[in-house]
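Participant: Going left to right, the sequence shown walks through residues -5 to 134 as the working numbering numbers them.
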Amino acid sequence: MADSMKRSDLDFSAYQTRLLELKTSTEQTLSRMAEQDADGLNTTGNDRAESSVAGNHPADLGTELQLRTRDAALTENERNTLAQVERALAKIEDGTYGLSDISGAKIAKERLDAMPHATLTVEEAEAGEYQATNERYNNA
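In structure tokens form, the structure reads like this:
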């Protein structure tokens, strides 16, 4: 990428520090979720063995399914966040941080301040490109 495209208006070291902290936090969250799942607990700390299929009311089974679905969605969200953080850190290393992965346009500083792992402009994210980017990161 040409030097003219690099962001001179950003404090890369401050964003890198925030991203590394977010990466650590997200990895710890994923680790706790995996431990709870391995221990037979859902994210609320309830023992899944207590709600085994045998002898349960159908409504209890629906609740258990809903909790498992929610847990899977929460885990997927954390994985997506981690992928975005890792991508943003790579962009700092290659000098393209703060520029959209799709268009190369500058991502607003306010957006980066609120979400340092953003790799798309607000307009691109709202246009649905965000989901496609997550899928690319997770399939890489």
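Virtual Cβ for every residue (Gly too), placed ideally from N, Cα, C.
Helix, strand or coil: which one does DSSP assign to leucine 68?
Facilitator: Position 74 of the sequence shown, counted from the start, is the residue given in the question as residue 68. It is helical.
Participant: Between alanine 32 and the ligand HEM, is there a pair consisting of the residue's CB and a ligand heavy atom that are separated by less than 7 Å?
Facilitator: Although the ligand HEM was asked about, the structure shown includes no ligands whatsoever.
Participant: Check whether the stretch 11 to 18 touches the stretch 72 to 87, counting contact only when three or more Cβ pairs, one atom from each stretch, lie closer than 8 Å.
Facilitator: Taking 8 Å as the limit for Cβ pairs, the verdict is that the stretch 72 to 87 does touch the stretch 11 to 18.
Participant: Give the single residue among Asp107, Leu83, Lys103 and Ala112 whose Cα lies nearest to the Cα of isoleucine 96.
Facilitator: If you number the sequence shown from 1, residue 96 lands on position 102. The shortest C-alpha separation from isoleucine 96 is found at Ala112.
Participant: Whose C-alpha, out of Arg62, Val79 and Tyr131, is nearest the C-alpha of glutamine 30?
Facilitator: Your numbering for residue 30 matches position 36 in the sequence shown. The shortest C-alpha separation from glutamine 30 is found at Arg62.
Participant: Which class does lysine 103 belong to by DSSP, given the choice of helix, strand or coil?
Facilitator: Mapped onto the sequence shown, residue 103 falls at position 109. Helix.
Participant: Hey, how far is the Cα of threonine 90 from the Cα of serine 25?
Facilitator: Within the sequence shown, residue 90 is the residue found at index 96, counting from 1. Within the sequence shown, residue 25 is the residue found at index 31, counting from 1. Their Cα atoms are separated by approximately 30 Å.
Participant: Using beta-carbon positions only, say whether asparagine 12 and leucine 93 come within less than 8 Å of one another.
Facilitator: Here residue 12 refers to the residue found at position 18 when the sequence shown is read from its first residue. Here residue 93 refers to the residue found at position 99 when the sequence shown is read from its first residue. Looking at the sequence itself, residue 12 is arginine, so the reference to asparagine does not match. The answer is no: Cβ separation not under 8 Å.
Participant: Below 8 Å between beta carbons: does that hold for leucine 68 and tyrosine 9?
Facilitator: Start at 1 with the first residue of the sequence shown, and residue 68 comes out as number 74. Start at 1 with the first residue of the sequence shown, and residue 9 comes out as number 15. Cβ distance not < 8 Å, so leucine 68 and tyrosine 9 don't count as in contact.
Participant: For leucine 93, does the three-state DSSP call read helix, strand or coil?
Facilitator: Translated into the one-based positions of the sequence shown, residue 93 becomes position 99. Strand, per DSSP.
Participant: What distance in whole Å lies between the Cβ atoms of leucine 4 and lysine 103, which are believed to be in contact at a cut-off of 8 Å?
Facilitator: What you label residue 103 is simply residue 109 of the sequence shown in a count that begins at 1. What you label residue 4 is simply residue 10 of the sequence shown in a count that begins at 1. At roughly 7 Å, the Cβ-Cβ gap stays under 8 Å, so lysine 103 and leucine 4 are in contact.
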